[in-house]
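First up is the structure itself, then whatever we jot down about it.
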Amino acid sequence: MIKTLLWLATLFSLLPALQAQAQSAWPGKVVRIIVPFAAGSFTDVAARSIGEAGFPGYNMSYWWGIAAPAATPPQVVSRLNQEVARAADKPKLKDSFLKRGARAVTGSSGEFSRRVNEEIKVWKDVIARAGVKLQ
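For what it's worth, the numbering used here labels the leading residue of the sequence shown as 365, then goes sequentially.
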């Protein structure tokens, strides 16, 4: 987990530099061919998505969520959701995320559960097709 967190921290610390380079004049200009997120994403509207490149239905995005134990009372989950949404709406946090090529998207606990379940289905299939085994 620590390796993953360090990798993510490194990735997001590089995004501003990569975005600046992508917008610079040649010869320093990065040629963007395909990006993993949906077409028209706020992070790079000039690049083609993988779906546009011949893999329809493909949409890979990086996301994080805040979860609580299953037995957490609904009123506590609701309050946490309200406070996280309030924090995510603050201009300083929005600007900080945007500088790193990210944005905060909030929703209900039901929407979050659906997102997690969709991801489980996608990655379960990928793992099965790749023949990955727990060791």
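Backbone N, C-alpha and C fix where the C-beta goes; we use that ideal spot for every residue, glycine too.
*When the Cα of residue 476 is compared with those of 427, 418 and 419, which residue comes out closest?*
427
*By DSSP, does residue 461 sit in helix, in strand, or in coil?*
helix
_Can you tell me where the alpha helix (DSSP H) holding residue 494 begins and where it ends?_
473 to 494
*Do the CB positions of residue 449 and residue 436 come within less than 9 angstroms of each other?*
no
*With residue 510 as the anchor, note down where its alpha helix (DSSP H) starts and where it stops.*
Limits of the chain in this structure are 365 at one end and 499 at the other, which puts residue 510 out of reach.
*What did DSSP end up calling residue 319 once you bin it into helix, strand or coil?*
Not covered by the structure: residue 319. The range shown for the chain is 365 to 499.
*Closest by CA to residue 472, which one among 461, 493, 429 and 421?*
429
_Pair within 9 angstroms by beta-carbon distance, residue 516 and residue 452_ = The displayed coordinates of the chain run from 365 to 499. Any statement about residue 516 would go beyond what the structure contains.
*asked:* So, with DSSP's three-state summary, where would you put residue 498?
replied: coil
*For residue 416, which three-state DSSP category applies?*
coil
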